[in-house]
Amino acid sequence: MLSQVVTNQVGQQRGARQEMVDTSKIQEFLRINPPRFTGSSTTEDPESFVEELEKVFEVMHVTDAEQVELAAYQLKNVARTWPSWGISFPEN
């Protein structure tokens, strides 16, 4: 019984630590001033955006999973506008 309680507590502490790590990675990511991509301009180059993000990730020494999360975080506002593109620019 006691070992189960201790195991549960350790698991909860690890989960809390993981959240803190995620938050600190986002803070570090934002401090580096990563590139922005809005997708609203024809002059924006998506490949350049990805290359710049890769440079940031190299400096931060993050895992592949963290790279995906941070890239998604950076694109969260762009994703909100995607549904409206279908209204503005309907497919053939």
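Position 53, counted from 1, in the sequence shown is what the UniProt record's numbering calls 53; the numbers after and before it change by one each time, with no gaps. Heads up, the beta-carbon is just placed ideally off N, CA and C, and yes, glycines get one too. For clarity, every value in this text was computed on a predicted model and none was experimentally measured.
Cβ-based burial, Gln-27 [other Cβ within 10 Å; buried from 16]: One-based indexing of the sequence shown puts residue 27 at position 27. Label assigned to Gln-27: exposed.
Residue range of the alpha helix (DSSP H) that Ser-48 falls in? Within the sequence shown, the letter at position 48 stands for residue 48. Looking at the DSSP string, the run of the alpha helix (DSSP H) that includes Ser-48 is 46-60.
Can you tell me whether Val-78 is buried or exposed, with buried defined as 16 or more other CB within 10 angstroms of its CB? Taking the sequence shown and counting its residues from 1, the one referred to as residue 78 is at position 78. Residue environment for Val-78: exposed (fewer than 16 other C-beta atoms within 10 angstroms of its C-beta).
Grouping DSSP H, G and I as helix and E and B as strand, with all else coil, what is Arg-31? Taking the first residue of the sequence shown as position 1, residue 31 is located at position 31. Correct three-state label for Arg-31: helix.
Beta-carbon within less than 6 Å of Glu-52's beta-carbon, same chain only, minus the 5 sequence neighbours each way: which residues are those? Counted from its first residue, the sequence shown places residue 52 at position 52. Correct list, in chain order: Pro-35.
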